[in-house]
Amino acid sequence: MPPGIPTNCHDCRNSPPLDRGTYLARCAWAVLHLSWCKSMTNTDTADVGATVQQVKALARAGSELVRVTVNTEEAAAAVPQIRDQLAGLGVHVPLVGDFHFNGHKLLKGHPECAEALAKYRINPGNVGRGSKRDPQFAEMIEVACRNAKPVRIGVNWGSLDQDLLTRLMDENSRAVEPLTANQVMREALVVSALESARRAEELGLPADHIVISCKVSGVQDLIAVYRNLAARCQYALHLGLTEAGMGSKGIVASTAGMSVLLQEGIGDTIRVSLTPQPNGDRTQEVIVAQEILQTMGLRSFIPMVIACPGCGRTTSTYFQELAEKIQSHIRHQMPQWRNQYVGVEDMTVAVMGCVVNGPGESKHANIGISLPGTG
40 MPPGIPTNCH
50 DCRNSPPLDR
60 GTYLARCAWA
70 VLHLSWCKSM
80 TNTDTADVGA
90 TVQQVKALAR
100 AGSELVRVTV
110 NTEEAAAAVP
120 QIRDQLAGLG
130 VHVPLVGDFH
140 FNGHKLLKGH
150 PECAEALAKY
160 RINPGNVGRG
170 SKRDPQFAEM
180 IEVACRNAKP
190 VRIGVNWGSL
200 DQDLLTRLMD
210 ENSRAVEPLT
220 ANQVMREALV
230 VSALESARRA
240 EELGLPADHI
250 VISCKVSGVQ
260 DLIAVYRNLA
270 ARCQYALHLG
280 LTEAGMGSKG
290 IVASTAGMSV
300 LLQEGIGDTI
310 RVSLTPQPNG
320 DRTQEVIVAQ
330 EILQTMGLRS
340 FIPMVIACPG
350 CGRTTSTYFQ
360 ELAEKIQSHI
370 RHQMPQWRNQ
380 YVGVEDMTVA
390 VMGCVVNGPG
400 ESKHANIGIS
410 LPGTG
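Written out as structure tokens, the structure reads:
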């Protein structure tokens, strides 16, 4: 195992396949420390057909948890239908309900939705203000306890509890050595998550049914906040850079922040929050998350294709075309191969363009080809 990974971690390459549908129901975070890939739909959840198709695509791409927005009565009513239609298609990925503002009403008013979801996400920053906050938070936790569901207490930089932030700012202004405004913001994120998690425990939710997250959009903020969290609690942590952005910028920012933390053993579930192109493929965020974990040697999802970048010795483009075709073919076949060939995800395929490093790299791979570079 890479340095920094806890000794009670399981290397998934030596672990038996898990029943994804029951994993979150028992939420054995204390027993099984794997970093799971998750994603989120961007369909209107009330549109059952569109949501089913997107969840299916995300699951096929390798998402092990899929979060759906539950923001209206219609969306809540649709969740059981979505779960049942997915089951009919043989898709058993756990569904996580994303609640903001009115989650207490929707969970209480739609018990079938509360039962169908594998997990609830609650944002302490918008569960209620003033005198409404505690009872509305309690209502959601009570539903989770009644249905034996885990809860992610998800704090976000952009929707932080303003009452808490004001309190910490006031305390900081009286301190002998006050923190900077940015440091207070970081502390507010951590305090919001931990206070909410401990309140959930007081209400009866077991600690091993609690996941917490503190999302920020800056890489250095992410690293600092999660190191602080990991030092101050034993709860499972969901890791991700919120609003990472589009394209290569979002990929680089997410990778830069999460890789540091994952190397230190921080992060039980991860999401790469990419902004897709209009009507773009939502599955890219799943692929990037898998590639982060696999490149670091923490998980194995798919045979790794190694290919050289090319140089003046590779005047032909054939090796590039071949590498692209092989990568595409492997990804397309993996849902079938994963069940047919145990350990296929650990293989390495080398597609090299010339004789400088090609023969040696190919020798180290399970399957390798070294092309002459020209012609």
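Just so you know, we're using our numbering here: the sequence shown kicks off at 40 and counts up by one. The beta carbon of each residue, even a glycine, is placed where N, CA and C say it ideally should be. Here the structure is a predicted model, which is why all the values come from computation and not from measurement.
Helix, strand or coil at Ser-409 according to DSSP, with G and I counted as helix: strand
Using the Cα positions of Asp-83 and Glu-113, report the straight-line distance between them to the nearest angstrom. 10 Å
Tell me whether Val-250 sits in a helix, a strand or coil according to DSSP, three-state version. strand
Can you give the Cα-Cα distance for Thr-294 and Ile-331, rounded to whole angstroms? 7 Å
Counting along the chain, where does the beta strand (DSSP E) carrying His-277 start and finish? 275-278
Go to Ile-161, then tell me how far its beta strand (DSSP E) extends in each direction, as first and last residue. Per DSSP, Ile-161 is one residue of the beta strand (DSSP E) stretching across 158-161.
For Met-285, collect the residues of the same chain with a Cβ closer than 6 Å to its Cβ; drop the 5 residues on either side in sequence, then sort them by chain order. Thr-314
Which residues does DSSP list as the beta-bridge partners of Asn-195? Lys-254
Opposite Cys-393 in the DSSP bridges: which residues? Answer is none; Cys-393 lacks a bridge partner.
Cβ neighbours of Gln-366 in the same chain (closer than 6 Å, five flanking residues each side left out): Val-344
Going by alpha carbons, who is nearest to Ile-161 out of Pro-174, Lys-147, Thr-322, Gly-142? Gly-142
From Glu-303, Leu-233, Asn-81, pick the residue whose C-alpha is nearest to that of Pro-317; which is it? Asn-81
Identify which residue in Glu-234, Ala-187, Leu-134 has its Cα closest to the Cα of Leu-244. Ala-187
Taking DSSP as the reference, what is the three-state secondary structure of Cys-184? helix
What residues in its chain sit with their C-beta under 6 Å from that of His-139, if we drop five residues either side in the sequence? Asn-162, Asn-165
Continuous beta strand (DSSP E) stretch holding Ile-305: start and end: No residue range can be given for Ile-305, since it is assigned to no beta strand (DSSP E) and is classified by DSSP as neither H nor E.
For Gln-120, which residues of its own chain have a beta-carbon under 8 Å away from its beta-carbon, when the five flanking residues on both sides are left out? The residues are Val-87.
Identify the continuous beta strand (DSSP E) that holds Thr-463 and give its terminal residues. The structure shown does not extend to residue 463, since the chain spans only 40 to 414, so no value can be given for it.
Name, in chain order, the residues that DSSP records as bridge partners for Val-137. Looking at the sequence itself, residue 137 is Asp, so the reference to Val does not match. Bridge partners of Asp-137: Thr-108, Arg-160.
DSSP state of Thr-80, grouped into three classes? coil
Contact under 9 Å by Cβ, Ser-74 with Ile-309: yes
With DSSP as the reference, please indicate the residues paired to Leu-313 in a beta bridge. Gly-284
Would you mind stating whether Ala-155 and Leu-134 have Cβ atoms separated by less than 9 Å? Result yes, Cβ atoms of Ala-155 and Leu-134 sit closer than 9 Å.
Where Pro-398 falls, given that 16 or more other Cβ within 10 Å makes a residue buried: Under this definition Pro-398 is an exposed residue.
Name the two residues that bound the continuous beta strand (DSSP E) containing Ala-96. Unbroken run through Ala-96 is the alpha helix (DSSP H), 87-100; no beta strand (DSSP E).
Contact belief for Cys-350 with Asn-396 at Cβ below 8 Å, rounded distance in angstroms: With 8 Å as the limit, Cys-350 and Asn-396 do not qualify as a contact, their Cβ atoms being about 10 Å apart.
I need the boundaries of the alpha helix (DSSP H) containing Met-373, first residue and last residue. 357-379
Count the other CB atoms within 10 Å of the CB of Leu-97; is the residue buried (16 or more) or exposed (fewer)? buried
Touching or not, the segment 248-263 and the segment 221-237, by the rule of three or more beta carbon pairs under 8 Å? yes
Should Thr-108 go down as buried or exposed, given a rule of 16 or more other Cβ atoms within 10 Å for buried? buried
Under the three-state DSSP convention, the category Ile-341 falls into: coil
Looking at Leu-268: is its Cβ nearer than 9 Å to the Cβ of Leu-233? yes
Counted within 10 angstroms of its Cβ, other Cβ atoms place Pro-189 as buried (16 or more) or exposed: buried
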